[in-house]
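Residue numbers (UniProt numbering): 1 to 368.
Just so it is clear, CB atoms sit at the ideal spot from N, CA and C, and this is done for glycine as well.
What you are looking at is a predicted structure, and each value in this text was computed from that prediction instead of being measured.
These notes concern the structure reproduced below.
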């Protein structure tokens with residue numbers, strides 16, 4: 001298993017890691033969770049990712065139980081979790097978001113469910129437009145100072161907010177986020193490959209990429225229809241997405257990608273995973289699996305990586321037809337984009353509440 005640094009830090013993480021979204025503590029329970037995590041560890045994966053809201057906390061509970069049962073030495077594993085949403089009974093208006101209150105209380109609750117004294121990395125699961133950046137930075141630094149986490153990062157944050165976080169951290173003499181957990185796959189490229197380009201160059205930001213298989217679409221299992229019991233048949237987030245004209249066009253591209261996989265004597269799954277791992281900004285690719293056999297199948301991507309030469313990559317680009325524009329040109333537009341977003345706020349356009357009661361219209365409004 002190759003290891004890479006997590007962003008600019010000295011922390012080494014495996015090129016492939018295991019995550020718990022929709023699986024651990026949800027569709028996967030009991031001994032199967034242990035089988036997956038043990039198989040991962042035996043194959044060089046020592047990083048496991050979860051979040052406070054995955055399966056309403058059940059993912060952290062399942063992961064914590066297995067870590068304890070397998071009696072792993074804590075220094076041998078890397079555990080990351082994420083803070084923003086809490087779906088525990090009795091959730092109140094401050095149990096979601098990035099207020100100092102929730103970052104601190106949420107972190108302590110995560111550690112309790114995981115049965116750990118600390119996590120290696122804690123991510124801000126979304127950007128909270130209602131909280132001052134200084135409060136967010138100070139709160140995560142407090143978490144680090146208390147020994148509850150070694151590093152922190154962001155997840156699905158706009159580039160300009162990550163940039164702001166670095167400026168605020170520098171001004172305060174505090175630690176800045178080192179990584180961004182973002183969606184990155186063959187069909188979702190604009191943010192990780194273009195929007196974050198300046199962050200990679202300036203700060204050495206690394207990504208922990210999720211949804212590398214586009215929810216399973218890139219595995220090729222939907223090339224000839226929707227199998228019963230699959231995510232696209234059972235999970236509301238995915239149901240119906242392949243039935244639109246856009247969805248059908250994506251399926252057609254997967255069929256063409258499957259031909260390239262066949263030429264390389266591999267699977268569409270391994271090809272798609274290796275493609276994300278090939279990006280220099282990728283620190284780790286998070287795998288979401290329901291069995292040890294599926295995990296081992298995913299790890300065939302390691303055999304594909306050396307085969308992704310310029311010729312193969314160009315063939316893939318021809319099929320995808322979605323290569324982001326030159327990042328340098330995009331950087332020139334960042335100031336205009338920031339100005340536009342400030343204008344959006346000034347016009348008081350609806351902002352997401354993430355389940356919290358909306359702010360009173362007569363009070364202080366979200367930060368630009």
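Per DSSP, residue 82 is one residue of the beta strand (DSSP E) stretching across 78-83.
Along the length of the stretch 120-188, whole beta strand (DSSP E) runs at least 3 residues long occupy 149-155 and 179-181, reported in chain order.
The stretch 29-42 and the stretch 139-152 do not touch, with fewer than three beta-carbon pairs separated by less than 8 Å. Note on residue 214: 16 or more other CB atoms within 10 angstroms of its CB, so buried under the neighbour-count rule.
For residue 1, no alpha helix (DSSP H) run applies, since DSSP gives it neither H nor E.
Following the DSSP letters along the chain, one finds residue 206 inside the beta strand (DSSP E) bounded by residues 206-209. In the DSSP assignment, residue 287 falls within the beta strand (DSSP E) that extends over 282-287. Counting the other CB atoms within 10 Å of its CB gives residue 29 a total below 16, which places it among the exposed residues. When 49, 258 and 64 are compared, the shortest CA-CA separation from residue 186 is found for 258. Measuring C-alpha to C-alpha distances from residue 141 to each of 166, 156 and 126 identifies 166 as the nearest. With distances taken between CA atoms, residue 16 lies nearest to 303 out of 303, 325 and 153. For residue 267, the closest C-alpha among the options 217, 242, 226 and 227 is that of 217.
Residue nearest to residue 208 within the set 26, 121, 59 and 297 is 121 (criterion: CA-CA distance). In this structure, the alpha-carbon of residue 138 lies about 21 Å from that of residue 51. Using a Cβ distance threshold of 7 Å, residue 288 and residue 21 count as a contacting pair. Judged by pairs of C-beta atoms under 8 Å, the stretch 66-83 touches the stretch 110-120, as three or more such pairs exist. In the displayed model, residue 220 falls within coil according to three-state DSSP, outside both helix and strand.
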